[in-house]
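Undergrad:
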Amino acid sequence: MKIKRYRVSSMREGLAQIRKEMGSNAVIIESKKRRQKGLKGFFLPKTMEITAAVDTNGERQEEYKKMPSGSKNVDDELNELKSMMQIIISQQENNLPQGSSAFNYWLKRLTDNDVDRDYALEILSGIQTVSEGKNLTAEITEMLVLNRINKTILTKEIHPKAKHISFVGPTGVGKTTTLAKLAANFAFKQGKKVAIITADTYRIGAVEQLKTYTEITGIPLEVVYTLKEMHRAVEKCKEFDFILIDTAGRSAKNSLHIAETAQYINCLSEGIVFLVVSATTKMRDLHKITQAYKRSNYNSLILTKLDETETFGTILNVCRLTALPIAYITTGQNVPDDIEPANASRLADMVLGEDQVWLTKQKS
Ligand SMILES: Nc1nc2c(ncn2[C@@H]2O[C@H](COP(=O)(O)OP(=O)(O)OP(=O)(O)O)[C@@H](O)[C@H]2O)c(=O)[nH]1
Ligand SMILES: [Mg+2]
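Residue numbering for the sequence shown follows this note's numbering, beginning at 8 and increasing consecutively.
Okay, here's the thing in structure tokens:
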């Protein structure tokens, strides 16, 4: 267990530092307002002293073994353990009570940000309050809520050895654009050999759209109309590091069309299958989409059009619905710039509605 005391000007600043240095599993043990020293201190704003702890179990076991018995460090550690036990006991006594004004505030805040009500209740019911006395400060509750959201949002980057990377999802969510962004990033930033195969010969103009990108970038493009051609194209591109496969967007309500798309994906050997979903998707539609596309055996998520919405509950909803990681988010139409690897703590901030600042910062 690691315990550290922070002296900061505000709880917000302290929480940011704690999260940065100790990670999202850290808990607040104590927070006090302190007057600054000397006579001048009476006229200056109070500072905050926050004590935070994090369980570092494995790492410290080895250190314990190396220490001579009875050394001061071991005693210190034991005292820390004792105080931690007290916190755990007090946590069990202090759940955020349903119906309390804090509970109602958080339920409203989460649902106002379009987090599904059931998931919001789940998040709040899991919150154990750690407080001075019995009253939780708003900042500490916020950190605990953020922590819970953070744990629900899974993220994962593409494995460097993943060869086949396919994109499935409803119409117009940004599959082709996202594929083009990733292809350009892999080819020009990471120096990988990239090829593109498109099985989207359904929509007039779909092939032309990709041809435009590939002509500019010089990335090879194969167009396939049948499963046989798909096999041939994959074989032809086998020396490439990444083969990105585009599919036709299909309505989640048309199971026949979705089954057709799935055939193209399922004939590939292992790889990443991205379900691409817009951040503007309503919860009910999300249910339908995540269910319908199971036929394509998607195993990772991309969330698009974060620039087109004011609320980001979809981030949490889609993770909770699928229990799959988000690999990338996209934030605009620009190829190849408007894409970035998903970062759980940033996404958690967005779910709580502290997003617009972040997006604006990223853009400037
Ligand atoms: N604002 C915004 N627009 C995006 C984003 N990603 C894609 N788009 C736009 O969304 C529109 C549809 O993008 P496509 O890439 O063609 O979508 P798709 O999923 O391939 O569409 P289909 O192949 O018809 O199913 C285009 O105008 C894109 O420029 C994004 O992150 N933000
Ligand atoms: Mg497309």
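Just so it is clear, CB atoms sit at the ideal spot from N, CA and C, and this is done for glycine as well.
All values reported here derive from a predicted model rather than from experimental measurement.
Using the C-alpha atoms, what's the distance from ASP123 back to GLU347?
TA: 25 Å
Undergrad: Among all residues, which have a Cβ less than 5 Å from at least one non-hydrogen atom of ligand 2, and in what chain order do they fall?
TA: LYS182, THR183
Undergrad: Quick test of your reading: LEU308 and LEU282, contact by CB under 8 Å. State the CB separation rounded to the nearest angstrom.
TA: 6 Å
Undergrad: What does the Cβ neighbour count give for ASN324, buried or exposed, with the cut at 16 atoms within 10 Å?
TA: buried
Undergrad: How long is the line joining the alpha carbons of SER16 and THR54, rounded to whole angstroms?
TA: 5 Å
Undergrad: Measuring only from the beta carbon, is GLU215 closer than 7 Å to any heavy atom that is part of ligand 1?
TA: no
Undergrad: Is the number of C-beta pairs between the segment 216-226 and the segment 266-275 that are closer than 8 Å three or more?
TA: no
Undergrad: Does the segment 351-363 touch the segment 151-163, meaning 3 or more C-beta pairs lie closer than 8 Å?
TA: yes
Undergrad: Can you tell me where the alpha helix (DSSP H) holding GLU222 begins and where it ends?
TA: 213-224
Undergrad: Does the segment 252-262 come close enough to the segment 177-184 to have 3 or more Cβ pairs within less than 8 Å?
TA: yes
Undergrad: Could you tell me the alpha carbon to alpha carbon distance between ALA334 and MET18, rounded to whole angstroms?
TA: 31 Å
Undergrad: With DSSP collapsed to three states, give me the class of ILE10.
TA: Looking at ILE10 - three-state DSSP - the assignment turns out to be strand.
Undergrad: Cβ of LYS295 versus every heavy atom of ligand 1: is any distance shorter than 7 Å?
TA: For ligand 1, not one heavy atom lies less than 7 Å from the Cβ of LYS295.
Undergrad: Taking PHE249 as the reference, which of THR297, HIS171, ASP207 has the closest Cα?
TA: HIS171
Undergrad: If you scan the segment 282-309 from start to end, which runs of the alpha helix (DSSP H) of 4 or more residues do you find wholly inside it?
TA: 290-299
Undergrad: Per the DSSP calculation, GLY278 is bridged to which residue(s)?
TA: HIS171
Undergrad: Taking the Cβ atom as the reference point for each residue, do LEU251 and ALA190 lie within a distance shorter than 8 Å?
TA: Taking 8 Å as the Cβ cut-off, LEU251 and ALA190 qualify as a contacting pair.
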